[in-house]
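J.: Residue numbers (this note's numbering): 252 to 491.
Here it is in structure tokens:
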């Protein structure tokens with residue numbers, strides 16, 4: 252009579268392999284969805300900068316509509332993450348991938364929120380911005396570069412590109428402080444335009460938060476690839 256325990260053990264490896272293959276497919280599909288949403292969110296940020304310079308009611312509405320779609324997808328991705336976690340019980344690098352998707356998914360949704368906030372501010376400026384602070388213009392030029400570098404880091408699991416994004420975030424932080432100083436001078440010179448300049452400072456704060464989110468995602472890429480948590484490390488490093 253065959254040993255039922257041995258029979259079960261013999262059957263287990265193929266079942267384990269099948270489950271691993273299924274998990275691999277599920278995580279790969281999840282990663283593709285995450286990259287697609289990250290691409291949409293970073294494109295939305297670029298679009299919001301265009302709207303700031305070329306105030307457009309239609310452009311603002313389009314940004315808000317896309318943000319709603321990203322919000323809906325964020326919920327679906329989160330549900331899929333929890334479903335995989337409950338049914339597959341991943342560990343090791345698979346668990347890192349799942350936690351990466353959960354954390355980054357939330358940050359992507361917040362990127363879309365900030366893009367929409369900037370688009371709404373453009374309606375209040377109504378295309379009448381007479382003078383942009385040079386530091387703010389530089390922030391708007393640097394942020395799309397950060398977005399492209401971050402996408403490259405996520406798609407290619409590129410640790411070096413991710414580390415560059417973290418360093419670029421420090422530059423954005425520095426520029427945000429410079430915007431405050433420049434706007435203080437503008438207000439002193441043209442107090443009648445102070446409300447316009449305060450709106451510009453709100454834009455600077457939105458971009459600074461965007462930079463933080465991009466940096467957070469980049470740090471999560473490092474964690475995904477290496478297993479090392481680098482958040483809060485290297486604060487004394489100066490960006491080049």
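Think of the CB as a built atom: it goes at the ideal place given N, C-alpha and C, for glycine as much as any other residue. Since the structure is predicted, the reported quantities are computational estimates derived from the model, not experimental observations.
1) Does the separation of the CB atoms of residue 402 and residue 290 fall below 8 angstroms?
2) Kindly provide the ranges of any beta strand (DSSP E) runs that are 3 or more residues long and lie completely inside the stretch 300–386, ordered along the chain.
3) From residue 367 to residue 268, what distance separates their C-alpha atoms?
4) Which ranges does the alpha helix (DSSP H) cover as unbroken runs of at least 4 residues, wholly within the stretch 392–452, from first to last along the chain?
5) Please classify residue 338 as buried or exposed, where buried requires at least 16 neighbouring CB atoms within 10 angstroms.
6) Please classify residue 439: is it buried, with 16 or more other beta-carbons within 10 angstroms of its beta-carbon, or exposed?
7) Between the stretch 412–419 and the stretch 346–353, do three or more beta carbon pairs fall short of 8 angstroms?
8) Roughly how many whole angstroms lie between the Cα atoms of residue 441 and residue 294?
9) Pick from 332, 472, 303, 281: whose alpha carbon is nearest that of residue 407?
10) Going by alpha carbons, who is nearest to residue 372 out of 465, 397, 457, 280?
11) Verify whether the separation of the beta carbon atoms of residue 416 and residue 465 is less than 8 angstroms.
12) Roughly how many angstroms lie between the CA atoms of residue 301 and residue 271, to the nearest whole one?
13) Below 8 angstroms between beta carbons: does that hold for residue 455 and residue 387?
14) Can you tell me whether residue 479 is helix, strand or coil according to DSSP?
15) Rounding to the nearest angstrom, what Cα-Cα distance links residue 420 and residue 304 in this structure?
T.: Looking at the atomic coordinates:
1) yes
2) none
3) 45 angstroms
4) 410–440
5) exposed
6) exposed
7) no
8) 34 angstroms
9) 472
10) 457
11) yes
12) 45 angstroms
13) yes
14) coil
15) 23 angstroms
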